[in-house]
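For the sequence shown, my numbering assigns the number 10 to the initial residue and increments by one for each residue that follows.
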Amino acid sequence: MDFRTDKLLHGGDYNPEQWLKRPDILEKDIDMLEESGCNVVSLGIFSWSTLEPEEGVFHFGWLQEIIDKLYKRGISTILATPSGARPKWMADKYPEVLRVDETRHRALFGFRHNHCYTSPVYREKVHIINKKLAQEVATHPGVILWHISNEYGGECHCPLCQEAFRNWLKEKYQTIENLNDKWCTTFWSHTYNSFDQIESPSKIGETQLHALNLDWKRFVTHQTADFIHHEIAALREGGSTLPTTANLMHYFGGLDYFKIAKEIDVVSWDTYPTWHKEAVIDTAYDNGMCHDLMRSLKGKPFFQMESCPTSTNWQSVSKLKKPGMLFAQSMQAIAHGGEGALYFQIRQSRGASEKFHGAVIDHYGGKDTRVFREVTETGEALLDLAQIAGSTTKAQAAILHDCESRWAMEDAQGPRNMGLHYMNTVKKVYGGLRKLGVNVDFLDMEESLSGYRIVFAPMLYLFRAGIEEKIRNFVADGGTFVMTYWSGVVDENDLCFLGGTPHGLMDVFGLRSTELDALYDQDVNAGVGEGKTYEIRNFCDLVKTNGAETLLAYRDDFYAGYPALTKNVFGEGEAYYVCADFEQAFYDDFCRKLAEEKGLERAAAEIPEGLDVATREDEKYKYLFVQNYGAEPAAFPMDTETYQPMTGEYDGVVRRFETVVFRKEK
Ligand code: GLA
Ligand code: ZN
């Protein structure tokens, strides 16, 4: 099901249940929401104890009333299912709903996001309230979307989850012999006699069977996805046909988001960049990359569900967003293909753990605040850009970023236990492309590679079945594939491939990886060639070429002169192998060379440093977003006859934290 709106969403998490005894404040909130150009709020996320104060006693009136009042003032509702935090009566009466940690201790009541995903009681209670919300609340025309729970994550090791895990394994492996083979359990005599003996990984028990760890992570995703499915089934049973979202988190490694995204209709995510900690453009690239990843999960527009209007209260330093940053961050979500920018939270709570978390309306409560002004400016800009809703991002370049490979790699006990710098390597590739204004998609190994001109695979350690064929065909058909060291090392059970790596692709790359040298933090090597020298750290793969051309060679160590970058022509295409962990400058030059050679579409001919430039398009127009995250104003000359500015004050220069959006007819 598609989620479509004719406007860009602007609003945020709103918790009126905290203010039911202050009708004056609730009235004022609606005025302020309207004035700030907010057109949507998320309601009910943590409202279970207000919605069902005692088992089977439901109070929905307050929620219905607020939804109605908001609707009459043009503000829609994203209605949450309340499963992110359960009421105390439930924990007391049914302790099985409480999560058990890996040391096999059951939690006491408290916190949130800590329920068992398997518990039939929890599932039943969720079913009942979700269905009722669908029947009695979501029928209001003000409700436009379901917000399923909140930030799914974590795992439960209770007996019910153990049993579900064993059943999942039984279905997957059929026989215990098969499981023993695939898990390599003869190692250290960890052989199982039956499925009943298997337990989830635990720091006080088994952690050394990598295949067990990997399957457990897969199971946690499976069980969470099943829980989401169950939540949504209750809504459908209650008659609701509204689309669904779940709010995801920044590079969260606990769940395979490609699988989670299949359960919902539209992806949304919660973004809390540490602005002003590092060079602002680096933070912007990090945030932009996560937007691109989130968009790629379904290959469809997503939106920013949460962001802080000013500072959070949970980061190590609660740095304020400097003037203009709230606006810039909101616009970046749109630039990267988002359908809206929402905040956490609309009104700051008075007590408990988030009382100092930033909000659109703070404890002072007035409109004459810096934050409120910036929110209002953002609301105006999003209104001006309404026609962009529904347009999409087209990318000719993609990065393979596979959750299972990341899990296995991080668990590998291999060449560099003090840090693989995997995400950093992905970011370097991404940065090289984005500085050229190339739009980037992310793919996992289940996705198709076709349609892209260049695909990068940084550290694709684990090969899921079939990926070799996809890569081979992609290159044979004319694609350019760039893979790095430590790729194609293990199969999907985390068993090392025999017979040479990168597995199944040695002919495609024209080489074999023979040994991998890991470097201490202080060690530096370099790749030299074509009159250039690029610094290398962390990893040096020693490859033996068999047909591949050497473009850069190592400068130092016993492997000086060995290939550091190679290229192999295979079929109609080209396969590059990056043997080492190169500095950013390498990726900048390399991506530029490839983009020029392959004629990759770029948002602009030259992009000054510090700018994030992206495009999206619909049938009629192409939209160009130019954002300046640099320290100085940047000259950005555009032919305004073709590309007409839609927002921002454009005089050939883009000021610091400013966003200029252009539109051109296709
Ligand atoms: C998360 C949660 C919110 C809130 C914010 C605070 O994203 O989903 O409920 O706690 O963090 O930053
Ligand atoms: Zn459990």
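From the three backbone atoms N, C-alpha and C, an ideal C-beta is built for every residue, glycine too.
At a cut-off of 8 Å, would you count residue i as near ligand 2, judging by its Cβ distance to the nearest heavy atom?
{"i": "Leu117", "result": "no"}
{"i": "Thr112", "result": "no"}
{"i": "Thr230", "result": "no"}
{"i": "His166", "result": "yes"}
{"i": "Ser158", "result": "no"}
{"i": "Cys600", "result": "no"}
{"i": "Arg108", "result": "yes"}
{"i": "Leu264", "result": "no"}
{"i": "Leu169", "result": "yes"}
{"i": "Cys193", "result": "no"}
Buried or exposed for residue i, going by 16 or more other Cβ atoms inside 10 Å?
{"i": "Val578", "result": "exposed"}
{"i": "Gly487", "result": "exposed"}
{"i": "Leu514", "result": "buried"}
{"i": "Gln636", "result": "buried"}
{"i": "Cys600", "result": "buried"}
{"i": "Met492", "result": "buried"}
{"i": "Gly374", "result": "exposed"}
{"i": "Arg132", "result": "buried"}
{"i": "Asp15", "result": "exposed"}
{"i": "His512", "result": "buried"}
{"i": "Ile241", "result": "buried"}
{"i": "Gly346", "result": "buried"}
{"i": "His238", "result": "exposed"}
{"i": "Glu61", "result": "buried"}
{"i": "Thr523", "result": "exposed"}
{"i": "Ala663", "result": "Contrary to the premise, residue 663 reads as Val rather than Ala in this sequence. Val663 comes out buried."}
{"i": "Thr250", "result": "exposed"}
{"i": "Cys167", "result": "buried"}
{"i": "Pro642", "result": "exposed"}
{"i": "Trp323", "result": "exposed"}
{"i": "Ile213", "result": "exposed"}
From the options, pick the residue whose C-alpha is nearest to that of residue i; which is it?
{"i": "Ala243", "options": "Pro511, Lys141 and Gln341", "result": "Lys141"}
{"i": "Asp291", "options": "Lys629, Gly440, Ala573 and Glu208", "result": "Gly440"}
{"i": "Gly20", "options": "Met418, Leu392, Ile476 and Phe69", "result": "Leu392"}
{"i": "Val289", "options": "Thr59, Gly263, Ser316 and Lys331", "result": "Lys331"}
{"i": "Trp197", "options": "Asn187, Leu218 and Ile185", "result": "Leu218"}
{"i": "Ser203", "options": "His68, Thr194 and Ala234", "result": "Thr194"}
{"i": "Tyr596", "options": "Pro642, Lys436 and Thr649", "result": "Lys436"}
{"i": "Trp71", "options": "Leu469, Ile84, Gly53 and Ala535", "result": "Gly53"}
{"i": "Phe261", "options": "Tyr494, His410, Gly608 and Lys179", "result": "His410"}
{"i": "Glu363", "options": "Ile343, Arg113 and Phe55", "result": "Phe55"}
{"i": "Gly367", "options": "Phe12, Arg13 and Tyr23", "result": "Tyr23"}
Between residue i and ligand 1, is there a pair consisting of the residue's CB and a ligand heavy atom that are separated by less than 8 Å?
{"i": "Met303", "result": "no"}
{"i": "His366", "result": "yes"}
{"i": "Thr14", "result": "no"}
{"i": "Glu315", "result": "yes"}
{"i": "Glu676", "result": "Only positions 10 to 675 of the chain appear in the structure, and residue 676 is not among them; the question remains open."}
{"i": "Phe55", "result": "yes"}
{"i": "Trp1", "result": "Since the first residue of the chain shown is 10 and the last is 675, residue 1 is not available in this structure."}
{"i": "Gln338", "result": "no"}
{"i": "Gln354", "result": "yes"}
{"i": "Tyr281", "result": "yes"}
{"i": "Asn187", "result": "no"}
{"i": "Asp371", "result": "no"}
{"i": "Met258", "result": "yes"}
{"i": "Glu36", "result": "no"}
From the DSSP secondary-structure annotation, give me the bridge partner or partners of residue i.
{"i": "Gln636", "result": "Asp621 and Thr668"}
{"i": "Asn577", "result": "Ala584"}
{"i": "Met492", "result": "Ala466 and Tyr586"}
{"i": "Ile6", "result": "Only positions 10 to 675 of the chain appear in the structure, and residue 6 is not among them; the question remains open."}
{"i": "Gly21", "result": "Val50 and Tyr352"}
{"i": "Trp416", "result": "Looking at the DSSP assignment, Trp416 forms no beta bridge with any residue, so it has no partner."}
{"i": "Phe451", "result": "Ile408"}
{"i": "Cys505", "result": "Val499"}
{"i": "Met258", "result": "Asp279"}
{"i": "Phe311", "result": "Gly347"}
{"i": "Val552", "result": "Ser522"}
{"i": "Ala527", "result": "Phe548"}
{"i": "Leu471", "result": "Val499"}
{"i": "Thr401", "result": "Glu626"}
Sorry if obvious, but does the Cβ on residue i come closer than 8 Å to a heavy atom of ligand 4?
{"i": "Ser128", "result": "Absence of ligand 4 from the depicted structure is noted, with ligand 1 and ligand 2 being the only ligands included."}
- Item | Secondary structure, beta strand (DSSP E): runs of 3+ residues fully inside the segment 325-353 | 347-352
- Message: Just to confirm the assignment: which complete beta strand (DSSP E) runs, minimum length 3, are found wholly within the segment 102-178?
- Response: 152-156
- Item | Minimum length 4: unbroken alpha helix (DSSP H) runs contained in the segment 50-96 | 57-60 and 70-81
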